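Listed in order, the protein sequences are those of chains U and W. Sequential numbering from 1 applies to the first sequence in the numbering used here. Sequential numbering from 255 applies to the second sequence in the numbering used here. Down below is the structure, laid out as structure tokens.
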Amino acid sequence: MNNDSIITVKHLYKQFGSFTANKDLNFEVKRGEIFGFLGANGAGKTTTMKILCGLSKPTSGEVTVAGFDVYQDTEKIKRNIGYMSQKFSLYEDLSVIENIVFYGGIYGLGYKEIMRSAKEMLTGLGIWDIRKKVIADLPLGWKQKLAFSLAMLHKPSIIFLDEPTGGVDPVTRRQFWDMIYAAAETGITIFVTTHYMDEAEYCDRVSIMVDGVIVALDSPQQLKAQYQVKTMDEVFLKLARAKTETTNQNQSAL
Amino acid sequence: MNEKASIISNNLSRSYGKTLAVDAINFSVDEGEIFGLIGPDGAGKTTLFRILTTLLLPDSGSASVMGYDCVKDYKQIRKNIGYMPGKFSLYQDLTVKENLNFYATVFQTTVKENYHLIEDIYRQIEPFKNRRAGKLSGGMKQKLALCCALVHKPKVLFLDEPTTGVDAVSRVEFWEMLHRLKKTGLTILVSTPYMDEAVRCDRVGFIQKGKILQIGKPQDIVDSFPMMVYAVKSNNPKFVINQLGAILGSENVFRFGNELHIYGDKMLHETLAQFSLNHKEYDIEYQSIEAGVEDCFIELMKSNNDQENE
């Protein structure tokens, strides 16, 4: 195994009854890399994410995350990863500081350590003064930046971001990506899913999944060159749409 | 007043407690036009939709749809519009077919009568017609909701964030459907938080904190962007970010994947030429690029915030 790889996936299959959600996936993610994980709704992304987060076991194949095996060491994996999504991030009716204490507690950090990290984090974000406000009263942009920082509280080596930026204003979105770049520079690996192809351009490498298969994996520059298009949006449409159309034709033939 | 206008919002305002959700908004949508309201969550898009669809009363100002007043003539408006709310609002425990029949019946029509309008879309969900709406995938729910909003042959269609959370392929298909519907003469008001969808509208209004920042054709808005934009590449992006950020202001230097996007005035080209000469060791390449819709939105947000602070 390559020492620089923080995630390795070899011949990963995941079967639900007769349905194959993931078919022979093979990829590696390098330490400190920003890895974009793209695919249409229902392509099988969530299935893979769950396996990588230690929440589901593969049907077959070899998968390690942060050096731990996804069949045996799921608890160790959970301690070494952070997770944030737009849908679920913070408890709306708890205050900023209560959310931090709660998360820190779950990860087994001591109270003093939590408070030290909290002060550092909130001062950095410029929101120490409003630490006693409940989350529901914060603007969406602040919530997302806070949720991202919180996902790093226990110093994980990988962060999974599941559609993290939906609905935020473009200034906040750029600031959010600045935070992602800053985290990646400290060696944290970023594994991100998004439906928005301009964000795919921000990644070091992206994979595109169609019907449970990874059909492309490379840097955005290489993919655009390979498909002779100007944007990742066009790359994605070429790959994902071609497949959908064939499927539809097959269905109507039946 | 524009005589062709199908939707008119005249100084509309609405507050929730201390929060001013819609702040003296003026705009109009022409008959047969696709008009996009573009802005982040919390900008006031849904409140505006709810006023125009007669589900919420404004605090002040007036609005009309097809010449009918949104307060007085709500019954006429409701008969003549289709509304697809942002939150999936069909009956989860009814099947696809049952939902569609229900909406047709409520509007005293039948699915058969206006089938030509929805045929295109319905055929895609027909294989699942006996499945309960709650068990459909996101893309399928979206298509069913659109069918239900169209089944009574409305003249004006209100779509509140129809593409949020939908993948890029389904989004393209959705916009293609809207353009086919437009050809039948339908007026469409659609909202989205995603800047890249602006180019698919005839005209757009940028909305932020309850205010319309600008209205125009997408290309005109992009053309009116007041700054130069350059894409810069280097073997040491961090160095370039720090140095150029110090010269031009950090808000004008933005990392975009393996490139940087740099904003500035007409002197920017010279600044970059000099900078790359001074730092030959970092292989700095630069090239002028066209501003995007998002760049325009950010610039308008800044000037709007400046005005607020004055």
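All residues carry an ideal CB built from backbone N, CA and C; glycine is no exception. The structure presented is a predicted model; accordingly, all values stated were derived computationally and were not measured.
- W/Val-410 and W/Met-338 do not touch by the CB rule: their CB atoms are close to 12 Å apart, not below 8 Å.
- If you draw a 10 Å sphere on the C-beta of W/Asn-280, you find fewer than 16 other C-beta atoms in it, and that means exposed.
- Listed along the chain, the chain W residues whose CB falls inside 8 Å of the CB of U/Pro-170 are Pro-294, Met-449, Glu-548, Phe-551, Ile-552, Met-555.
- Proximity of U/Leu-25 to chain W, defined by a Cβ-Cβ separation below 8 Å, is not satisfied.
- Of all alpha-carbon atoms in U/His-11, U/Phe-19, U/Gly-32, U/Asp-4, the one lying nearest the alpha-carbon of U/Ala-182 is that of U/Gly-32.
- Contacts with chain W at 8 Å (Cβ-Cβ) do not include U/Leu-223.
- When the five nearest sequence neighbours on each side are left out, the beta carbons in the same chain lying within less than 6 Å of the beta carbon of U/Asn-99 are those of Leu-90, Tyr-91, in order along the chain.
- Contact between the segment 296–308 of chain W and the segment 454–471 of chain W is present, with at least three C-beta pairs closer than 8 Å.
- In the three-state scheme derived from DSSP, where H, G and I count as helix and E and B as strand, W/Lys-383 is classed as coil.
- Remark: C-beta atoms of W/Val-486 and W/Tyr-448 do not approach each other more closely than 8 Å.
- The alpha helix (DSSP H) runs of length 4 or more contained entirely in the segment 264–333 of chain W are, from start to end of the chain, 299–306.
- The beta carbon of W/Thr-301 does not come within 8 Å of any beta carbon belonging to chain U, so the residue lies off that interface.
- Within the same chain, and ignoring the five residues on either side of W/Phe-303 in sequence, the residues whose Cβ sits closer than 7 Å to its Cβ are Phe-412, Asp-414, Ser-445.
- At a cut-off of 8 Å between C-beta atoms, U/Phe-19 does not count as an interface residue with respect to chain W.
- Under the three-state reduction of DSSP, U/Arg-205 is assigned to strand.
- U/Phe-35 sits away from U/Tyr-83, with the two beta carbons spaced by 8 Å or more.
- Membership of U/Thr-193 in the beta strand (DSSP E) is indicated by the continuous run 189–193.
- Taking a Cβ-Cβ threshold of 7 Å, none of the residues of chain U is close to W/Arg-304; the smallest such distance is about 18 Å.
- Closer than 8 Å to the CB of U/Tyr-111 there is not a single CB belonging to chain W.
- Three or more Cβ pairs closer than 8 Å define a contact, and the segment 419–439 of chain W falls short of that threshold against the segment 260–277 of chain W.
- The C-beta distance from W/Ile-379 to W/Lys-407 rounds to 19 Å, too long to meet the 8 Å contact threshold.
- Shown here, W/Leu-498 sits in a helix according to DSSP, grouped into three states.
- Within the same chain, Cβ atoms closer than 8 Å to the Cβ of W/Leu-310 are found at Arg-268, Thr-301, Arg-304, the five residues on either side in sequence being excluded.
- W/Leu-514 places its beta carbon less than 8 Å from that of W/Ile-495.
- Take the alpha-carbon of U/Phe-37 and the one of W/Phe-342: they are about 26 Å apart.
- Cβ-Cβ separation between U/Lys-132 and U/Ser-95: approximately 5 Å, consistent with a contact (criterion under 8 Å).
- For W/His-515, the pairing in a beta bridge is given by DSSP as W/Ala-485, W/Phe-508.
- Assignment of beta-bridge partners to W/Met-555 by DSSP yields no partner.
- U/Gly-36 is bridged by DSSP to U/Val-192, U/Val-206.
- Taking C-alpha positions only, U/Gln-222 is separated from W/Gly-546 by approximately 22 Å.
- Taking C-beta atoms under 8 Å as the contact rule, U/Gly-39 and U/Val-210 qualify, at a distance of about 7 Å.
- Remark: C-beta atoms of W/Asp-323 and W/Ser-316 approach each other more closely than 8 Å.
- Chain order gives no chain W residues near U/Phe-160, where near means a beta carbon separation below 7 Å; the closest approach is about 18 Å.
- Here the segment 140–157 of chain U lies against the segment 168–179 of chain U, with 3 or more beta-carbon pairs under 8 Å apart.
- Between U/Met-121 and the set U/Phe-148, U/Asp-198, U/Gly-105, U/Lys-45, the nearest pair of CA atoms involves U/Phe-148.
- Under the three-state reduction of DSSP output, W/Phe-460 falls in the strand class.
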